[in-house]
Every structure is written in structure tokens, then in C-alpha cells.
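Taking it in order: structure first as C-alpha cells, then the write-up.
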Amino acid sequence: MSLILENIGRRVGRNWIVRHLQLEVAEGECLALLGPSGCGKSSTLRLIAGLDQADEGTIFIKGKDVTTVSPVDRRIGMVFQSYALFPHLTVAENLALGLRVRKFSATDQQKRVASILNLMQLEDHARQRPAQLSGGQRQRVALARALLRDPLVYLLDEPMSNLDAQLREDLRPELRRLILKDGQPVVYVTHDQHEAMAMAHRIGVMRDGQLEQVGSPQELYHQPTSTFVASFIGRPQINLLPAESGIIKAIRPEDLKLSSQGLPCRLIHREWLGTSQLWLLESPRGQLRMLTAGDTSIPANIQLEWSTKKEHLFDANSGLRSKYPTS
Amino acid sequence: MIRTRNLWITVLLLWSLAPLLWQLYTSFCSNESLIHTFATHQHRWTLENYRQVLTANPPFWRYLLNSAFVGISSTGLTLLLAIPAAYSLVKVPRNFARGARLFLLGAALFPYVLLFLALLEIARSLNLGNNLLALSFPYAALSMPLAVLLLSSAFRDLPSEIEEAARLEGLGLWQRLRWVLIPLIGPATASTAILVFLFSWNEYPIALTWISTTDLLTLPVAIARIAGSSVYSIPYGAYAAATVLGSLPLLLLVIIFQRQIVSGLTQGAIKG
């Protein structure tokens with residue numbers, strides 16, 4: 000394993016903003032940290048980068064303990080949410096500054112900057128300042144700077160959140176290709192589950208400074224270990240039925256089926272999603288979301304059923320996946 | 000709406016410019032015409048006042064040079080000390096910084112005239128009298144509180160991610176200041192520098208008591224000497240000419256740095 004976090008914690012005052020964090024990222028693997036804002040995912044990234052010091056635990060990069068090593072010597076390629084380009088320098092100067100202070104010769108600097116500008120298709124913008132660039136171009140400059148760092152680990156903090164939705168989708172494959180091309184571990188922070196699923200091999204869902212579950216997108220979707228992960232992953236959101244004898248049953252909207260004798264429901268709202276449609280239903284067991292084919296017509300009498308095999312069971316007190324067999 | 004606004008601007012401009020314009024007018028009038036305002040006089044307009052001021056011994060530009068020298072050295076010294084102080088004020092724990100800011104504000108508001116006797120004693124015991132460079136020590140010291148406050152709020156307004164990116168790129172503390180942070184607070188630095196320069200250009204009591212050699216006088220003291228040069232009459236014309244000459248460099252300075260002060264260099268650093 001190329002990046003290892005062992006029981007990492009960081010405290011601000013008396014609050015632990017990250018605690019008991021256990022994480023391993025392999026070479027050439029992209030791990031997404033996913034969670035609501037304030038869950039500690041960006042703080043985790045700052046700890047890996049060395050911008051903040053861990054109050055407990057150990058960080059290993061390529062087998063070396065870097066817990067107290069300065070950010071420079073950790074060799075981190077980081078893309079900030081704001082891109083954090085140097086606004087008073089041109090694109091070429093932005094890229095060359097780091098090379099210069101790291102004592103590359105003038106010809107070497109030029110060569111490297113030129114080749115990265117070429118790779119990122121930024122040649123035409125070399126003499127422009129960041130303010131003159133579009134959001135996508137700024138992101139490419141920030142990424143170029145990270146690539147030039149020749150890093151041991153890539154850290155990306157919401158690199159897409161300042162771009163519009165269309166551009167975001169267009170850029171995903173390109174970004175993925177570039178950050179994975181030299182086979183280093185990548186940690187990708189996002190609050191957008193679609194982006195996490197599109198970009199990452201594995202996803203770590205964070206909540207209140209702790210890792211709730213780590214797994215492939217499929218694992219998180221099909222075997223969520225807690226109600227939090229179950230409702231965070233998957234849109235439209237999973238249906239959590241009211242607890243009965245200490246057990247919460249959860250069922251995905253697409254697993255609900257119309258039937259002739261099931262749970263009677265009343266339609267409150269309908270959303271067209273193109274190939275499918277989302278029904279918001281009122282039932283004796285609370286509100287339900289149901290995903291159905293786009294051409295389904297609304298029956299006079301809506302009754303729902305589902306296969307017990309599709310039920311996720313959670314303990315009502317802890318919210319954790321329950322080991323009990325279906326009753 | 001626009002007409003009333005323009006009217007207000009005109010009134011304000013007249014209010015603040017009238018004394019200056021009057022001074023300019025006076026400087027071109029002969030002394031006779033100034034005294035007998037309503038008498039028709041053949042030689043009303045004259046450059047005599049300027050000739051008198053510029054050909055005195057020492058000539059007036061000597062005082063301009065003295066003041067410029069003191070101004071530049073005080074400004075340089077202030078910035079040299081205030082920039083690192085302002086930067087560190089952003090990095091220290093928040094409560095300490097808050098206390099330090101209050102303290103600086105108190106120092107900035109303190110009427111410095113109360114200090115000049117004590118300063119004179121210091122100058123005497125350290126033998127700093129009649130030395131232009133030494134004059135920039137009290138000037139820099141008195142300007143420090145305001146300079147640190149202004150610059151530290153400029154540092155505080157910089158997005159912290161920019162400095163962090165520089166850290167990750169391998170820039171050490173001085174490299175970050177030199178290549179990233181100081182260029183980014185350029186506008187704030189320019190306006191701070193102008194304030195310090197202005198203070199040193201206009202300062203009177205300390206300059207009056209520290210300098211007695213005629214060749215080393217700074218502008219305000221020199222101008223005051225012109226006004227009080229004769230017991231029998233006040234040379235209004237020469238006095239006005241000296242004031243006009245003394246204001247020109249400042250005017251020039253503000254015109255040169257105007258764009259620097261106004262331009263927002265940080266635009267586009269963050270999303271936008």
C-alpha cells in the first residue's frame with residue numbers, strides 16, 4: 000500500500016474534527032472521500048498534505064513515516080477547490096515558480112513547462128493571467144501544477160465544484176486519465192456521489208470526522224453498513240421504513256413494484272426523469288419514493304410490494320446493518 | 000438625481016480645493032496687490048515670489064530634497080518592519096492577535112505631539128540631532144501602528160489556499176513573501192507607503208526640534224521660516240509659492256500610484 004493512514008486524528012480545541020481514521024490507498028488507485036459538508040473529508044486531505052498536523056496517528060507514504068514531515072518533502076500534488084493559482088503570475092509563470100524554487104535549471108524549467116502546457120492543451124494561454132481564463136482552463140492549470148510536482152500522492156479537493164454541470168461530466172474521463180497515468184495513489188474529496196462513483200475505484204463515506212464505510216461503489220450501494228450510508232448513496236434516496244421491534248427496513252426506490260394486493264398508497268407528486276419517473280407516495284408506513292419506468296401509467300388504486308430479498312435491515316438504535324435473518 | 004449628485008460633488012470639491020486654489024492664486028500675485036486688494040495695479044501678476052523662494056540661500060529645492068530623503072527613508076524603514084509584523088499578526092493565535100490589534104489601534108490614535116519632548120531628550124542623548132536619516136526613526140516608529148494594521152488586514156484578506164499552494168510547491172517563508180504574498184498585497188502596500196510618506200512630509204514638531212542647521216531643514220519647518228522671516232511684514236506671496244512647490248511632489252506621487260491603489264490584483268485568484 001502506497002498511502003496509509005493509521006488511526007489518524009485531529010483536534011481543534013476540544014473537538015475532534017477527524018478521529019480514528021484508518022485508510023489505505025494502493026498505487027494507481029483513486030479513492031474518493033465522500034460526505035456532507037463538515038464531515039472532515041477536507042480536513043483529512045489537509046492532514047495527508049501536511050498543511051495541518053495530526054494530533055494522533057501515523058501517516059505513511061511509500062512505506063515512509065511522514066507524520067511530522069513538512070508538506071514540501073511529502074511531495075504532494077494537490078488541486079484545491081479554488082484552484083489557488085497565483086493571480087499575479089501568468090500561466091507559464093505559475094507553473095515555473097515551483098520548479099524554480101526547487102532548483103531546476105532554466106532550460107529544464109522551460110522544457111517541463113512547455114511539455115505540460117502541451118499535454119494540457121494550454122499553449123495558447125501561457126501568457127495569460129488566471130483571471131483571463133475560464134473555469135475549466137483554470138482547473139487544467141491547477142492540475143498541470145500538481146502534475147509538474149512529480150508527486151508521490153495526488154490530493155484533489157472538490158476539483159469540479161466550481162464548474163458547471165455539463166463541463167463537469169465532460170471533464171471526468173480526462174481528469175481520471177491524467178491523475179492515474181503515473182500510477183500514484185489519488186485521494187479525491189467530493190460531496191457529489193455521482194462524481195465519486197464516476198471517478199473512484201473505492202469510496203470512503205465520512206460522517207462526523209469518522210469513516211463510516213469504505214468500499215467499491217457497488218458494495219456501498221448494495222451492502223451499506225449503516226442507515227447513513229444507505230441514505231447517502233443512491234438517488235433517489237432509499238426508503239427507510241419506521242422501526243418495528245428494533246429493526247429498520249430499508250428498500251431502494253427501484254425495488255418497489257406495483258401489485259394487486261400490497262401496501263395501499265396515494266400519489267403525492269410525480270417527477271419525470273426521462274427513461275424513468277419518480278413517484279412520491281403516501282402510505283400507512285410513511286412516505287415512499289418509487290422509481291418506475293417512464294411509460295408506466297398511474298393505476299386508479301396504487302398498491303406496492305417488494306421482495307424481502309431486496310430489503311436492507313438495520314438495527315434501530317445503532318443504525319448499523321443488522322445480522323438478524325429476515326423475520 | 001444625477002444633477003443633484005453632481006452639485007454635491009462640486010460643492011465638496013470647492014470646499015476642499017478652495018484653500019489650495021487660493022494659495023495658488025496668492026503665489027502669483029505681487030505683494031502690493033495682495034495688500035491693496037481693490038487698488039488697480041499694473042503689476043498684479045508676477046513670478047517674483049517663485050524667483051525669490053528658489054534663489055534664496057539655500058534654494059528651496061534643497062528643502063524638497065531633504066524632505067524627499069526623509070520621506071523615502073521613513074517609508075522604506077516602516078515597510079521593512081511593518082510587512083513581517085503584519086504577516087505574523089495573521090499567523091499568531093486569534094486571541095493574541097485581537098489583543099495586539101487593539102494595542103496597535105491605541106498607539107495609532109495616541110496624539111504623538113505629547114511625545115516630542117521625550118523624543119527630543121532621546122535625540123540629544125543619542126546625538127541624533129541635525130541628522131536627516133535619524134529623523135526617519137521617530138517617523139517610522141510613529142507610522143508603524145497604522146501601517147501594521149493596514150497591511151495585516153490585507154494579508155488576512157488573501158485566501159489562505161494561495162499560500163498553502165505555495166507551501167506545497169516548496170516555497171519557504173521568505174520565498175512565499177517575496178514571490179507570492181507581497182506582490183498580492185501591492186495595492187495595500189502602495190496606499191500604506193503613501194500615508195507614511197505623507198506623514199513624514201508634513202511632520203512639524205519633531206523636525207523643528209531635531210534639526211537646526213538651515214541646510215538640513217525639512218519643508219514644513221523651512222516654509223514656517225519663510226513666513227516668519229521678517230518682523231515687519233508677512234511675505235504672503237513667497238509663503239504661498241513655497242506651499243505650492245511643497246505640494247507638487249505629493250500630487251505627482253498620488254497621480255503615479257493611483258492605479259496601483261485602485262486596482263484589485265487578487266481578482267480571479269478564487270472562483271470568479
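Order-wise, the sequence lines are chains A and B. Mapping to numbering that gives the first Met the number 0: the first sequence position 289 is 288, numbers consecutive. Mapping to numbering that gives the first Met the number 0: the second sequence position 225 is 224, numbers consecutive. For glycine and all other residues, C-beta sits at the position ideal for the given N, C-alpha and C. Model, not experiment: these values are computed from the prediction.
For residue i, decide whether its Cβ has a neighbour in chain A, counting only Cβ atoms nearer than 8 Å.
i, result
"alanine 122 of chain B", "no"
"alanine 164 of chain B", "yes"
"glutamine 174 of chain B", "yes"
"methionine 0 of chain B", "no"
"proline 92 of chain B", "no"
"isoleucine 269 of chain B", "The predicted model places isoleucine 269 of chain B with a pLDDT of 41, which falls under 50 and marks its position as unreliable; any figure quoted below should be read in that light. Yes, contact with chain A."
"tryptophan 178 of chain B", "yes"
"proline 186 of chain B", "no"
What is the rounded straight-line gap between the Cα of residue i and the Cα of residue j?
i, j, result
"arginine 123 of chain B", "leucine 147 of chain A", "59 Å"
"glycine 236 of chain B", "tyrosine 24 of chain B", "9 Å"
"leucine 255 of chain A", "arginine 201 of chain A", "28 Å"
"leucine 264 of chain B", "glycine 185 of chain B", "Any reading at leucine 264 of chain B must be qualified, since the residue scores a pLDDT of 39, below 50, and its modelled position is unreliable; no value is offered."
"threonine 208 of chain B", "glycine 128 of chain B", "8 Å"
"glutamate 253 of chain A", "asparagine 238 of chain A", "10 Å"
"glutamine 266 of chain B", "glutamine 109 of chain A", "Reliability of the predicted coordinates at glutamine 266 of chain B is poor, the pLDDT of 37 falling under 50, and the value obtained from them is presented with this limitation in mind. Answer to the nearest angstrom: the Cα atoms are 27 Å apart."
"leucine 257 of chain A", "proline 235 of chain A", "18 Å"
"proline 324 of chain A", "histidine 193 of chain A", "Bear in mind that a pLDDT of 49 at proline 324 of chain A, under 50, signals an unreliable position, so the number given afterwards is only what the model happens to contain. Taking the straight line from one Cα to the other gives about 32 Å."
"threonine 242 of chain B", "alanine 189 of chain B", "25 Å"
"arginine 30 of chain A", "arginine 175 of chain A", "Looking at the sequence provided, one finds leucine at residue 30 of chain A rather than arginine. About 12 Å."
"threonine 9 of chain B", "glutamine 51 of chain B", "35 Å"
"serine 326 of chain A", "phenylalanine 313 of chain A", "Bear in mind that a pLDDT of 43 at serine 326 of chain A, under 50, signals an unreliable position, so the number given afterwards is only what the model happens to contain. Those two C-alpha atoms are separated by around 13 Å."
"glutamine 222 of chain A", "histidine 311 of chain A", "8 Å"
"asparagine 201 of chain B", "leucine 180 of chain B", "31 Å"
"isoleucine 71 of chain B", "phenylalanine 256 of chain B", "15 Å"
"threonine 212 of chain B", "isoleucine 205 of chain B", "14 Å"
"glutamine 21 of chain A", "serine 42 of chain A", "14 Å"
Tell me residue i's beta-bridge partners as DSSP assigns them.
i, result
"serine 259 of chain A", "DSSP, once it has assigned bridges, lists no residue as partnering serine 259 of chain A."
"cysteine 28 of chain B", "B:Trp44"
"tyrosine 187 of chain A", "A:Ala31 and A:Leu155"
"glycine 318 of chain A", "Glycine 318 of chain A pairs with nothing; no bridge assigned."
"isoleucine 225 of chain B", "BP columns for isoleucine 225 of chain B are empty, so no partner."
"arginine 265 of chain A", "A:Glu281"
"arginine 288 of chain A", "A:Leu279"
"alanine 249 of chain A", "A:Leu239 and A:His311"
"threonine 57 of chain A", "A:Glu5"
"methionine 205 of chain A", "A:Leu210"
"lysine 63 of chain A", "A:Ile60"
Please classify residue i as buried or exposed, where buried requires at least 16 neighbouring CB atoms within 10 angstroms.
i, result
"asparagine 48 of chain B", "buried"
"phenylalanine 95 of chain B", "exposed"
"methionine 196 of chain A", "buried"
"glycine 271 of chain B", "Because glycine 271 of chain B carries a pLDDT of 33, less than 50, the predicted location of this residue cannot be relied on, and the following value inherits that uncertainty. Counting Cβ neighbours within 10 Å, glycine 271 of chain B comes out exposed, since fewer than 16 surround it."
"isoleucine 269 of chain B", "Confidence in isoleucine 269 of chain B is poor, its pLDDT being 41 and thus under 50, which makes the residue's placement unreliable; the coordinate value appears in the next sentence. Isoleucine 269 of chain B comes out buried."
"arginine 258 of chain B", "exposed"
"lysine 248 of chain A", "buried"
"tryptophan 60 of chain B", "exposed"
"serine 292 of chain A", "Just to set this straight, residue 292 of chain A is alanine in the shown sequence, not serine. With fewer than 16 Cβ atoms within 10 Å of its Cβ, alanine 292 of chain A is classed as exposed."
"asparagine 339 of chain A", "This structure leaves residue 339 of chain A out entirely; chain A is present only between 0 and 326."
"aspartate 156 of chain A", "buried"
"methionine 0 of chain B", "exposed"
"asparagine 316 of chain A", "exposed"
"tyrosine 187 of chain A", "buried"
"proline 144 of chain B", "buried"
"methionine 289 of chain A", "buried"
"arginine 126 of chain A", "exposed"
"methionine 328 of chain A", "Since the first and last residues shown for chain A are 0 and 326, residue 328 of chain A lies out of range."
Any C-beta of chain B sitting closer than 8 Å to the C-beta of residue i?
i, result
"valine 100 of chain A", "yes"
"methionine 159 of chain A", "no"
"phenylalanine 79 of chain A", "yes"
"valine 71 of chain A", "yes"
"phenylalanine 231 of chain A", "no"
"alanine 315 of chain A", "no"
"leucine 279 of chain A", "no"
"leucine 50 of chain A", "yes"
"isoleucine 75 of chain A", "yes"
Can you list the residues of chain B that residue i reaches, using a CB-CB cut of under 8 Å?
i, result
"isoleucine 58 of chain A", "Chain B residues near isoleucine 58 of chain A: none, gap ~15 Å exceeds 8 Å."
"isoleucine 47 of chain A", "Chain B residues near isoleucine 47 of chain A: none, gap ~11 Å exceeds 8 Å."
Please tell me whether residue i has its Cβ less than 8 Å away from any Cβ of chain E.
i, result
"isoleucine 161 of chain B", "In summary, chain E is missing from the structure at hand, where the protein chains are A and B."
Report the neighbours of residue i on chain B: residues whose CB is nearer than 7 Å to its CB, in chain order.
i, result
"phenylalanine 103 of chain A", "In chain order: nothing, as chain B lies at least about 11 Å away."
What in chain A is Cβ-close to residue i, meaning under 7 Å?
i, result
"glycine 169 of chain B", "Val71, Gly97, Val100 and Arg101"
In chain A, what lies closer than 9 Å to residue i by C-beta?
i, result
"leucine 183 of chain B", "Phe85, Pro86 and His87"
Applying a beta-carbon distance threshold of less than 8 Å, which residues of chain A neighbour residue i?
i, result
"proline 158 of chain B", "Ser81 and Ala83"
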